[in-house]
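Okay, structure first, notes after.
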Amino acid sequence: MARIRVLVVDDHRVFAESLAAALAAEPDIDVAAAGSGPAALRCLDRGAAEGRRFDVMLVDADLGDADGVAWVGEVRDARPGVRVVVLAEKDEARRAALALQAGACGWVAKDSSLQRLLTVVRGVLRDETHLPPALLTGVLKELTEARRHRTEGERLVESLTPREREVLRCMVAGLGRKAVAERLFLSPHTVRTHMQNVLGKLGVHSTLAAVALARRAGVGPAEDALAGDVVERGGQLA
4 MARIRVLVVD DHRVFAESLA AALAAEPDID VAAAGSGPAA LRCLDRGAAE GRRFDVMLVD
64 ADLGDADGVA WVGEVRDARP GVRVVVLAEK DEARRAALAL QAGACGWVAK DSSLQRLLTV
124 VRGVLRDETH LPPALLTGVL KELTEARRHR TEGERLVESL TPREREVLRC MVAGLGRKAV
184 AERLFLSPHT VRTHMQNVLG KLGVHSTLAA VALARRAGVG PAEDALAGDV VERGGQLA
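Have a look at this one:
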């Protein structure tokens, strides 16, 4: 029987060690514990180097100074093969929906029974998604609303010209007006005009709001997509 490798990530040492000990008592589970995000990533790297990759990671929703829910996305990007389950002190539909959007496979209350947790751990390895029944309606509502915002955002982004979309991707990458001008071989005045047009077409009043809308619509930063664009154009001005 293949053993399931589980990593518990929680900055509350007593809880992490107690949960790890309970899981380790199961005949088909190997378990390790980490007290922070960086420590967890080191465990994942070490396991991969040793040929003993982790299958499931149980992450505290409130990981010290970090946000465990937001951290899920980073883990999934770095280690897409690891199933992530969020452990929470309380049920929150919005945060559970955000966790699923980030790539988590489940949301489980910390006071759940060991049997319930084992069901989730084994279930996510069968590509199941696990949520408390009381959260289902709220999470579906949140996901539906997020999809509506994304669809609306996509429509607004599509209204931009190709050059305005380039400028928007630069804004998502955190570049200021001068940096955008240098990157796109435009004058700062031209960039200012493009940025004003972007804000107007997106119906927002600040760069932060434009970036938030762009991210919801799936617009990524300029880092990769734009570099080739500029080279191909050979610095052609708008």
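In my numbering, the protein residues as written are 4 to 241. Here a beta-carbon is modelled for each residue, glycine too, at the ideal position from N, C-alpha and C. Just so it is clear, the structure is predicted and the values come from calculations on it, not from any experiment.
- Excluding the 5 residues flanking it on each side, R180 has same chain C-beta neighbours closer than 8 angstroms at P191, V194, R195, M198, in chain order.
- Beta-bridge annotation (DSSP): W110 is paired with V89.
- By the criterion of at least three beta-carbon pairs nearer than 8 angstroms, the region 34-51 is not in contact with the region 89-96.
- Its Cα nearest to that of E148, the residue R219 stands out among A43, R219, G54.
- Between the region 71-82 and the region 96-115 there are three or more inter-stretch CB-CB distances shorter than 8 angstroms, so the stretches are counted as touching.
- Taken through DSSP and simplified to helix, strand or coil, L61 comes out as strand.
- Going by C-alpha positions, A64 is about 9 angstroms away from D13.
- V9 is not a Cβ neighbour of A36, given a cutoff of 7 angstroms.
- Listed as beta-bridge partners of V11 by DSSP are A36, L61.
- Nearest in C-alpha terms to L189, of all of L211, T210, R166, is R166.
- Burial check for V17: the Cβ neighbour count within 10 Å stays below 16, so the residue is exposed.
- Nearest C-alpha to L66 among L134, E155, G106, H15: H15.
- DSSP places H133 within a strand segment (E or B) once states are collapsed to three.
- Closest by C-alpha distance to G223, out of C173, L163, D31, R55, is C173.
- In this structure, V59 lies near R86, with their beta-carbon atoms less than 7 angstroms apart.
- Apart from sequence neighbours up to five positions away, the residues of its chain that approach L146 with a beta-carbon distance below 6 angstroms are A100, ordered along the chain.
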